[in-house]
Amino acid sequence: MNMDNQYDYWSLIGTLIISTVSGIVSITQRIVLGHRATVIWVFSEFLTAILCGYLMYATYPYIQADIPKWATLPVLVALAAHMGGRSFQAAERALYARFKFLETRFPPPNP
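If you count by this note's numbering, then the sequence shown holds residues 2 to 112, one letter each, in order.
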């Protein structure tokens, strides 16, 4: 096996691990704040963190030359995984605020 390909596999596995840990932190924080945990909510939080972490992993080679040296791949993957989940939550709250009729069908989660 070519060493370059092996490095890419390990980077991808590391990205998925970092993203999963970020999802665990996000879920735990919201449960502590009183959000009721459901299977679909926990699953969607994990998928959001993994998606955003993977998107940063895929984007990093293109932006690496334009960012500070401290912004390494693991740092940006963790940041993207955490902030991606927060962005989806903020968008959800904005939609609830904009379209009040959604609250009757789908009550907003506790902030």
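Every residue, glycine too, gets a C-beta built ideally from N, C-alpha and C.
Since we're looking at a predicted model, the values are computed, not measured.
Exercise. Quick one: Cα of G85 to Cα of A66, how far?
Worked result: The alpha-carbon atoms of G85 and A66 are separated by roughly 23 Å.
Exercise. Is the beta carbon of A79 sitting closer than 7 Å to the one on S23?
Worked result: Between A79 and S23, the C-beta gap is smaller than 7 Å, which places the two residues in contact.
For this session: Determine the extent of the alpha helix (DSSP H) in which P69 is found, giving its start and end residues.
Result: Per DSSP, P69 belongs to no alpha helix (DSSP H) and is neither H nor E.
For this session: Could you tell me which of Y58, A92, A98, S88 sits nearest to G15, measuring between CA atoms?
Result: Nearest C-alpha to G15: Y58.
Problem set entry | Beta-carbon proximity of I32 to V43, cut-off 7 Å | No.
Exercise. Nearest-angstrom Cα distance between L96 and Y10?
Worked result: Rounded to the nearest angstrom, the two C-alpha atoms are 38 Å apart.
For this session: Using a threshold of 7 Å, state whether the C-beta atoms of A50 and A82 are closer than that.
Result: Cβ atoms of A50 and A82: closer than 7 Å.
Exercise. Is A38 helix, strand or coil when you go by DSSP?
Worked result: Coil at A38, not helix or strand.
Problem set entry | L52 beta carbon less than 7 Å from that of Y61 | In this structure, L52 does not lie closer than 7 Å to Y61 by Cβ.
Problem set entry | Exposure of F100, with buried meaning 16 or more beta-carbon neighbours within 10 Å | Burial call: exposed.
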